[in-house]
Each structure stands twice: as C-alpha cells, then as structure tokens.
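K.L.:
Going by our numbering, 272 is the number at position 262 of the sequence shown; the sequence numbering is gapless.
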Amino acid sequence: MKKKGKLTRAERFEISILLEKRYSYRKIGEAMGRSPNTVSYEVKVNSVNGAYDPLKADRKARVRKRASKYQWRKINENGILQSYVIDKLKAHWNPDEISGRMKEDKEPFFVSKNTIYKWLYSARGQRYCQHLYSERYDRKPRKIKKTKRIMIPDRVSLDKRFLGAGNRTRYGHFEGDTVVSKRGGTGGMSVLLERKSRLLVVRKLHSMSPTENLRKIRDMIRRLNMKSITFDNGIENKRHASIGVPTFFCDPYSSWQKGGVENGNKMLRRYFPQGTDFSLVDQKEIDRAVKIINEKPRKILGYRTAFEVARAGGVLLKESHLCFDRVS
11 MKKKGKLTRA ERFEISILLE KRYSYRKIGE AMGRSPNTVS YEVKVNSVNG
61 AYDPLKADRK ARVRKRASKY QWRKINENGI LQSYVIDKLK AHWNPDEISG
111 RMKEDKEPFF VSKNTIYKWL YSARGQRYCQ HLYSERYDRK PRKIKKTKRI
161 MIPDRVSLDK RFLGAGNRTR YGHFEGDTVV SKRGGTGGMS VLLERKSRLL
211 VVRKLHSMSP TENLRKIRDM IRRLNMKSIT FDNGIENKRH ASIGVPTFFC
261 DPYSSWQKGG VENGNKMLRR YFPQGTDFSL VDQKEIDRAV KIINEKPRKI
311 LGYRTAFEVA RAGGVLLKES HLCFDRVS
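1) Quick one: is Leu-326 buried, meaning 16 or more other Cβ sit within 10 Å of its Cβ, or exposed?
2) What whole-angstrom Cβ distance do Phe-119 and Leu-91 have, given they're in contact under 8 Å?
3) Buried or exposed for Ser-264, please, with buried defined as at least 16 other CB atoms from any protein chain shown within 10 angstroms of its CB.
4) Looking at the strands, I want to know which residues DSSP matches up with Val-271.
5) Report the residue from Thr-286, Lys-79 and Ser-57 whose alpha carbon sits nearest the alpha carbon of Arg-69.
6) In chain order, what residues of the same chain have a beta carbon less than 6 Å from the beta carbon of Thr-257, not counting five sequence neighbours either side?
7) Please confirm whether Tyr-80 and Pro-105 have their CB atoms less than 9 Å apart.
8) Does the distance from the CB of Arg-180 to the CB of Lys-206 come in under 9 Å?
9) Rank Asn-243, Glu-204, Leu-202 and Pro-283 by C-alpha distance to the C-alpha of Glu-191 and give the top, closest one.
10) Roughly how many angstroms separate the alpha carbons of Gly-174 and Gln-267, rounded to a whole number?
11) By the three-class DSSP mapping on this structure, what secondary structure does Ser-26 have?
12) Taking the runs of the alpha helix (DSSP H) that are 4 residues or longer, which of them lie wholly in the segment 17 to 90?
13) Among Tyr-35, Asn-124 and Arg-208, which has the Cα closest to the Cα of Phe-317?
14) Tell me whether Glu-87 is buried or exposed, calling it buried when 16 or more other Cβ atoms sit within 10 Å of its Cβ.
15) Could you pull out every residue in the same chain whose Cβ sits closer than 6 Å to the Cβ of Lys-410, ignoring the five residues on either side in sequence?
16) Which full runs of the alpha helix (DSSP H) of 4+ residues lie inside the segment 270 to 327, going along the chain?
17) From this set, Arg-213, Tyr-143, Gly-254 and Leu-65, which residue's C-alpha is nearest Glu-24's C-alpha?
18) Please return the same chain residues whose Cβ sits closer than 7 Å to the Cβ of Ser-252, not counting the five positions on each side in sequence.
19) Rounded to whole angstroms, how far is the Cβ of Lys-214 from the Cβ of Val-291, which I believe are closer than 8 Å?
20) Got a sec, what are the start and stop residues for the beta strand (DSSP E) Lys-128 sits in?
21) By Cβ distance below 6 Å, which residues in the same chain neighbour Ile-246 in space, the five residues on each side in sequence not counted?
22) Taking only runs that begin and end inside the segment 218 to 273, name each unbroken alpha helix (DSSP H) of 4 or more residues, in chain order.
23) Taking Leu-202 as the reference, give the member of Gly-269, Ile-162 and Val-95 with the closest Cα.
24) Within the continuous beta strand (DSSP E) that includes Ser-200, where are the two ends?
25) Here's the rule I'm using: 16 or more other beta-carbon atoms within 10 Å means buried, otherwise exposed. How should Ala-320 be labelled?
26) Is the beta carbon of Ile-85 closer than 9 Å to that of Thr-48?
27) Quick one, which of Lys-116, Asp-97 and Lys-248 has its alpha-carbon nearest Val-166's?
28) Determine the extent of the beta strand (DSSP E) in which Glu-185 is found, giving its start and end residues.
29) CA-CA distance, Val-212 and Gly-110?
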C-alpha cells in the first residue's frame, strides 16, 4: 500500500541515495512505497540548479509550506485580481472554476482554488461566501408512490442506446427531465441537457401534461442538432414517439441513469429552490439562470463553458431564442 502525505526529511535522503544509484523514479517509488509521480514532482520542484540535495530540498519545501499559509493575501493585495474573483463569485462560479478559467485564459494573475477558499473564509472574504452553491440545493430523493404504474407506450430501454450516447464520445445526445412546482402550485420546467457538452436548455411548463411537455420539447429541438433523448418513466414523457428523434428510457426508479440532467436540475435549484411555484415564474427569469449556468467554466470540460463546447461541437442549429447572449 502506497504512503500518503508529505515527504519527510529521511525520505528525501533516501531519494538522493537512490538517484545516485541511477534508480528510475518508478523504481524509487516502489522501494519507498510512494507513487512515481510523487518522486518525480519532488525532484522537479525541489532541485536547485538542476541538482537534488536532500537538505536544500527539505528547506525549500518548508519555506514553500510556510508561504502557502498566506497565499490568500495575494487577493487582498491585488485589486484587479480581487475584482476578478468577486465578479466570478457573483456569477455563481465556484473557486475551482475561477482558478481553472484563469489558467485557461492565460490571465496575468493566478491563484489556486484552495487560495480562493482560504480568502473566502478570511475576514475580508467572508461576505462573498453567500455566492457559493449550497448543499441545501441538492435534490431530495423522490418518494416512490406504490401506485399502479402507467407504462410508457413503445418505450425503448437504455441498453439499446447508441454507443456514442452512452460513452459521451458524440454530440447531439440529450437527457430530458422535468422540475415541478411546489404542492398546490402549477406547471414547472422542461429540462434538456446535452450529454457531451453539458449544455442546458429549459422551457417553462404551464402544466405537467404530456401534451404540454411535448410542445415545449419540440420548441427546443428545432434549434438543436439532436440525435436522441433519454428520459425517465414519468407520465409527462408519454408522448415521446411524437418528438421526432429516437428516445430511450431509464430502468424504473433509476433516474440516476441520467445523472447529467439531474445535476443540471440541482444547478437550476440554486435559482428556483424547492417550494417554487412556477406559475409565478416567467420564461425570462428561467432564461437568465440558464445563461449563467451555460457560461460557467466547467472542470470536466477543461474549464471551457458548456456553450463554448456545444457551439464547437455543432450542437446549436440556431442561437436565437436559446438564451446564449452574454449576461449583462
């Protein structure tokens, strides 16, 4: 079992001895019970003038560790950097997305996600913690009602889905779901998410009827290069055969099989929390939330945005009315 944690001074001496014996990083790692990457990183970062000295390496590591405790102060001391971080937090980017996008855009400044978190929990940064996504917006597990199940006619099981849809190697394969109003409210949202780019497209539903859901899905797909949709077994998807693209269905009570759109719903709940009555929400409010989500850099996309990836992948047939203009 490989060791974890920081290298000790004794281990640095061991690395030095094994390097002199011409051991490879892999062999050193095996001898020490460490990952070869740990050894490689140690030699690369803590060498001085191309030579690895265990005493100098240990001193260098200690100095770096002390300095890292105060890295968050860089944000306070650099007004441009601080403004950048605050603006992105207000746009509901998380620290990982902010840091990753800095590097992707080759900004003249850079701080790690950990530095941003430390700054947020400092006296100066605490006021901006309110912009972080909260765990309370996680969707609660739906209660399974033990009622007679209404089968979806002509449903095709998920295991028949195209290979490119299942492994996210091809664009144009979507997942669909609905978000409902609070008890006593009416309507909700029809949500589509493209599996490869994570592009989110949403329309307001005035009711949860299959006909209303079909109408809104048709409206969305006119502007999308869509090859398939995966649904759960909700009755609102009963008219799937009229959509005009191949449709596939999760196993009963297995909504986790379309986890992309479930995660999209979670992000939407940041703006429309549990208990929202969608009869009081208009499409413009939904559009604004969707814009913000689609313009967030995503780690899984290499810190590009869902819109950037979807546009490059040819997912969008028409950009008008899909809420992809910049948020002002």
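Note that beta-carbon positions come from the ideal geometry of N, C-alpha and C, so glycine has one too. Treat the numbers as computed from the prediction; the structure is a model and nothing was measured.
P.N.:
Inspection of the coordinates gives the following:
1) Buried, because 16 or more other Cβ atoms sit within 10 Å of the Cβ of Leu-326.
2) With a beta-carbon spacing of about 4 Å, Phe-119 and Leu-91 fall inside the 8 Å limit used to define contacts.
3) Exposed.
4) Val-271 is not bridged to any residue.
5) Comparing Cα-Cα distances from Arg-69 to each of Thr-286, Lys-79 and Ser-57, the minimum goes to Ser-57.
6) Only Ile-239 and His-250 meet the Cβ criterion.
7) No. Outside cutoff.
8) Their beta carbons are under 9 Å apart, which means Arg-180 touches Lys-206 by this criterion.
9) Before going on, a small fix: residue 191 reads as Ser here, not Glu. Ranking Asn-243, Glu-204, Leu-202 and Pro-283 by Cα distance to Ser-191 puts Pro-283 first.
10) CA-to-CA, the gap between Gly-174 and Gln-267 works out to about 16 Å.
11) In the structure shown, Ser-26 sits in a helix (DSSP, three-state: H, G or I).
12) Within the segment 17 to 90, the complete alpha helix (DSSP H) runs of at least 4 residues are 19 to 30, 35 to 42, 46 to 56, 64 to 78 and 83 to 87.
13) With distances taken between Cα atoms, Phe-317 lies closest to Arg-208.
14) Exposed.
15) With the chain covering only 11 through 338, there is no way to say anything about residue 410.
16) Whole alpha helix (DSSP H) segments, 4+ residues: 293 to 304 and 316 to 322.
17) Closest by alpha carbon: Leu-65.
18) Contacts found: Leu-224.
19) Indeed they touch by this definition, with Cβ atoms about 7 Å apart.
20) Counting along the chain, no beta strand (DSSP E) covers Lys-128; the unbroken alpha helix (DSSP H) around it starts and ends at 123 to 130.
21) The sequence shown places Glu at residue 246, not Ile. So the qualifying residues of the chain are Thr-188, Met-218, Pro-220 and Asn-223.
22) Here the runs fully enclosed are 220 to 231.
23) By alpha-carbon distance to Leu-202, the top candidate from Gly-269, Ile-162 and Val-95 is Gly-269.
24) Bounds of the beta strand (DSSP E) holding Ser-200 are 198 to 204.
25) The residue in question, Ala-320, is buried, as its Cβ has 16 or more Cβ neighbours within 10 Å.
26) Remark: C-beta atoms of Thr-48 and Ile-85 do not approach each other more closely than 9 Å.
27) Looking only at Lys-116, Asp-97 and Lys-248, the smallest Cα-Cα distance to Val-166 is reached by Lys-248.
28) 183 to 190 is the extent of the beta strand (DSSP E) around Glu-185.
29) Cα-Cα distance, rounded: 27 Å.
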